[in-house]
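Residue 1478 in the working numbering sits at position 185 of the sequence shown, and the numbers go up by one each step. All C-beta atoms, glycine included, are put in the ideal place defined by N, C-alpha and C. These notes concern the structure reproduced below.
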Amino acid sequence: TGAFGSFLALCLRNDTVLKQALSLIRVRASGESLICSAGGILLSTSRHYRSKPTHGIGRYKHLVKAQEPKKKKGKVEVRPINLGTDYEYGVLNIHLIAYDMALAESYAQYVHNLCNHLAIKVEESYAMPTKTMEVLQLQEQGSKMFLDAVLTTHERVVQISGLSATFAEIFLEIIHSNLPEGVKLSVREVGARWR
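Structure representation (structure tokens):
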């Protein structure tokens, strides 16, 4: 206490030293851990800015979905094929083939939305690789052929399941009546090749 008394006597003479000493005593009394005291500014370990309304600005981790763990290579997940019953079709593939990619894509989207609207379960909707075909023309004189055109075909597949046999005719009639020009439609059962 003797050192504290001489310190207090020194502080009474100098007003700024007194203010710093009182702030140090207040910090010790409140229980905050003191890291540094320099130039009259006290730095503590608690971060008061985290409680402000703007504390989350610039953070984006909550917006990014956590990635699923990668599956091991070599193991292929085998899904059972629903072959259907006497009253219901199994898994059906609706193939849409067109020379115009935008037309094939928009009609595949129409079929997908129609299935959702009519409560038909859509298993998958995907695109097949684009196929190109070169059209060669034979010259009038000679045997040399030259390139006349390059045709690209775009194929989209909408895979559905659970289509009842009574509603299938109506559903296919709706799809066929709204089929745009230049789009080829074919419906195949998935399990038909393996029976």
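Return the CA-CA distance between residue i and residue j, expressed in angstroms with no decimal places.
| i | j | result |
| --- | --- | --- |
| LEU1444 | VAL1415 | 30 Å |
| PHE1439 | GLU1433 | 11 Å |
| LEU1327 | LYS1366 | With a pLDDT of 49 at LEU1327, under the threshold of 50, the modelled position of this residue cannot be trusted; read the value that follows with caution. If you take the alpha carbons of LEU1327 and LYS1366, they lie about 54 Å apart. |
| ALA1442 | MET1394 | 17 Å |
| GLU1466 | GLN1360 | 42 Å |
| GLU1427 | LYS1363 | 40 Å |
| LYS1489 | SER1470 | Absent from the structure is residue 1489, since the part of the chain shown begins at 1294 and ends at 1488. |
| THR1425 | LEU1407 | 30 Å |
My assumption, with CB atoms under 8 Å, is that residue i sits in contact with residue j. Please give the rounded CB distance.
| i | j | result |
| --- | --- | --- |
| VAL1480 | ILE1390 | The pair is not a contact, with the Cβ atoms about 12 Å apart (cut-off 8 Å). |
| ILE1413 | LEU1456 | 6 Å |
| TYR1392 | THR1446 | 6 Å |
From this set, the options, which residue's C-alpha is nearest residue i's C-alpha?
| i | options | result |
| --- | --- | --- |
| ASN1409 | VAL1451, THR1446, VAL1428 | VAL1451 |
| ALA1397 | ARG1449, PHE1464, GLU1482 | ARG1449 |
| ALA1420 | HIS1469, TYR1400, MET1426, LEU1407 | TYR1400 |
| VAL1483 | GLU1417, ALA1359, THR1425, ALA1395 | GLU1417 |
| SER1454 | GLU1466, PRO1362, LEU1385 | LEU1385 |
| LEU1411 | LYS1477, ILE1468, LEU1478 | ILE1468 |
Who are the near neighbours of residue i in its chain, counting only those whose CB is closer than 8 Å to its CB and skipping five residues on each side?
| i | result |
| --- | --- |
| ALA1458 | ASP1379, TYR1380, GLU1381, TYR1382 |
| ALA1461 | TYR1382 |
| GLY1475 | ALA1391, TYR1392, ASP1393, LEU1396 |
Short of 6 Å in beta carbon distance, which residues of its chain neighbour residue i, apart from the five on each side in sequence? Order them along the chain.
| i | result |
| --- | --- |
| PHE1464 | none |
| THR1423 | THR1445, HIS1447 |
| GLY1435 | none |
Among residues of its own chain, excluding the 5 on either side of residue i, which ones have a beta-carbon nearer than 7 Å to its beta-carbon?
| i | result |
| --- | --- |
| GLN1430 | MET1438, PHE1439, ASP1441 |
| LEU1405 | According to the sequence as given, residue 1405 is His; it is not Leu. Within the same chain, HIS1405 has close Cβ partners VAL1415, SER1418, VAL1451. |
Length-filtered (3 minimum) beta strand (DSSP E) runs lying within the stretch 1410-1482 = Those beta strand (DSSP E) runs which fall completely within the stretch 1410-1482 and span 3+ residues are 1414-1420, 1424-1431, 1438-1454, 1476-1482.
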